[in-house]
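*Asks:*
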Amino acid sequence: MGKIKYVGLSEACASTIRKAHTVHPRTAVQIKWSPWTRDVEEEIVPTCRELGIGIVPYNPPERGFFATRSKVIENLSDNDC
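Be aware that the sequence shown starts at 1, since it is given in UniProt numbering, and climbs by one per residue.
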């Protein structure tokens, strides 16, 4: 037998994940997933859940957006919610 035990993908669409999974079961898929990039929830996340593939999100806090005080927040007036 070969030496590769687990195989994952990075930045693949749902159809690619399905095709790759038929060749050899995938263990994980790495995707960009953040409050600003939620389009992966339409097809990729359901596909991974259906096939039992783990999801490894990268960039979830969107490059430190929540780590520092945003310039947008500083520019809000008293009437802004």
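In this text, a Cβ means the ideal position worked out from N, Cα and C, and glycines have one as well. Note that the structure is predicted; figures quoted are calculated from it, not measured.
Could you tell me which residues DSSP puts in a beta bridge with P57?
*Replies:* As a position in the sequence shown, residue 57 is number 57, starting the count at 1. Bridge partners of P57: I31.
*Asks:* Using only the alpha-carbon positions, how far apart do D39 and K32 sit?
*Replies:* Position 39 of the sequence shown, counting from 1, holds the residue named residue 39. Position 32 of the sequence shown, counting from 1, holds the residue named residue 32. One C-alpha to the other measures close to 10 Å.
*Asks:* Compare the C-alpha of R49 against each of K19, P61, A14 and H24 and name the closest.
*Replies:* Position 49 of the sequence shown holds residue 49. The shortest Cα separation from R49 among K19, P61, A14 and H24 belongs to A14.
*Asks:* Cα separation between I4 and P61?
*Replies:* Residue mapping note: residue 4 aligns to position 4 of the sequence shown, counting from 1. Residue mapping note: residue 61 aligns to position 61 of the sequence shown, counting from 1. Spanning the two alpha carbons is a distance of roughly 32 Å.
*Asks:* If we count the other Cβ atoms within 10 Å of its Cβ and call it buried at 16 or more, is V29 buried or exposed?
*Replies:* Translated into the one-based positions of the sequence shown, residue 29 becomes position 29. With 16 or more Cβ atoms within 10 Å of its Cβ, V29 is classed as buried.
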